[in-house]
Amino acid sequence: MERQSRTLPVDEDHNTHDATTKKQKMTDMPKSISFEDWYPQRTRSKVLDIRLHPTRTSFAVHIPPHELPNRLFELPPRQVPLFLWVDDESTNSLDVLSLLQGPARKQKPWIIEGIIHGDLDQKACSAPEILPRLWDPDSMVESVLLPLLKETSASLEVWDLGAGVGRDVVFLAETLRDRTIVAIDQRYLKQSQPFLEFCQRRQVSQWTRCRAVRLDPISEFRNILQESWDKVGCFYAVRFWNKALFRCILDAAPLIQNGTIVAISHFGKATPDSDWPHIHPNSKQVLERYELRDMVEGTAWKIRCDRVVTDSDHGRTLIQFVAQLHKTE
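Note that the UniProt record's numbering gives residue 293 to position 293 of the sequence shown, counting from 1, and the numbers run on in steps of one.
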């Protein structure tokens, strides 16, 4: 996914007047709290560390202020409260607040619960096996797909179709740590660097790859599927739907490995007779309630999950569907 490069000022000449002006533009300044007071009551708080000299911890995610405009995808949903951890009350924090809560975010700002000041002590220093994160993977990937993958061969690749920035790819890679998770997206034809840098920051580059493949039309995907049928154990897509692509995978059942998983988590109608009341995506781009079930009915694909959930952003319904290939001799 391409974004225009934007840079926040870090060490420019910000005088008191500049800082005061920015402060006046903020409707409500978040409360300030010392690290010493915050740490004992931290529970499961999301913490964005924007300090200039961070220390690796098990609870905070460091994103330098000048990188934040291009890394907003690493933040939690906007209704999830977030703490900012700063060195002091510098203009840096005001810049970040302006980005997250300023006029550009008037309709849907991030919620800043407070600003943490000060440094950690040794009790807070730890190097977790999995780095802390502010975002969550798709619930189907975490609660349905992950347990199934743990039962399958680690020698087979997992393909994320329409992977985008790759949050679910990263989640699976850092959780499983025993197989290759492949991000497939036609957007990588123009720019794959954000995905590669994301994997590097999360320290999962050794378990991840990206492939620039045109997914519409599906001719290019069909060709790579024919070349890779014995290497892939799972195809999944999150908020990406291409009916012809899904049909191509289902029809490849005679070739691909027995036990292969197909999983879709995409916007869909909650019931067969319900309307789609949301502007985005439009009704032509959402699934009918039993559309996926009808496509696998009577085939060698056995349904492992078919449920409706609500997304955490706008209350839209998603259909989460998982099927596994069960070929009989």
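Glycine residues also receive a C-beta, built at the ideal position from the N, C-alpha and C atoms.
Check, Outcome
"Cβ-based burial, L189 [other Cβ within 10 Å; buried from 16]", "exposed"
"Expected contact under 8 Å - CB spacing of V61 and P132 to nearest Å", "5 Å"
"For R51 and D216, the rounded distance between their alpha carbons", "43 Å"
"Beta-bridge partners of Y236, as assigned by DSSP", "D160, A263"
"Same chain, Cβ closer than 6 Å to C210, neighbours up to 5 away in sequence not counted", "A183, Y188, S192, F195"
"Proximity to T328 [Cα-Cα], best of G268, D230, P254", "P254"
"Check whether residue 338 and I116 have beta carbons under 8 Å apart", "Beyond the ends of the chain as shown, which are 1 and 329, falls residue 338; an answer cannot be given."
"Under the three-state DSSP convention, the category K23 falls into", "Bear in mind that the predicted position of K23 carries a pLDDT of just 46, short of 50, making it too unreliable to give a figure here."
"Extent of the continuous beta strand (DSSP E) to which R304 belongs", "301 to 310"
"C-beta contact flag for C199 and R222 at 8 Å", "no"
"Contact under 8 Å by Cβ, R202 with E174", "yes"
"Three-way DSSP call (helix, strand, coil) for D168 in this model", "helix"
"Proximity below 8 Å, CB of A263 to CB of R289", "no"
"Burial state of S274 (16 or more Cβ within 10 Å)", "exposed"
"Limits of the unbroken beta strand (DSSP E) element including S32", "31 to 34"
"Where I249 sits in the DSSP three-state scheme", "helix"
"Which listed residue (L318, D168, L134, S228) has its alpha carbon closest to that of V204", "D168"
"Expected contact under 8 Å - CB spacing of G118 and F83 to nearest Å", "At roughly 13 Å, the Cβ-Cβ gap does not stay under 8 Å, so G118 and F83 are not in contact."
"V296 - containing alpha helix (DSSP H), residue span", "291 to 296"
"Extent of the continuous beta strand (DSSP E) run through Q320", "317 to 325"
"Those residues which DSSP pairs with V86 across a bridge", "H117"
"Three-state secondary structure (DSSP) of D230", "coil"
"Exposure label - K150; buried when at least 16 CB within 10 Å", "exposed"
"Under 8 Å between C-beta atoms of V170 and F73", "no"
"Assigned exposure category for D178 - 16 Cβ within 10 Å defines buried", "exposed"
"Residues near R293 by beta carbon distance below 8 Å, same chain, minus five either side", "I303, D306, F321"
"Own chain, CB closer than 6 Å to I111, minus 5 neighbours either side, in chain order", "P81"
"Residues of its chain near D311, where Cβ-Cβ distance is below 6 Å and the 5 sequence neighbours each way are ignored", "L318"
"Nearest-angstrom Cα separation, counted from K46 out to L134", "6 Å"
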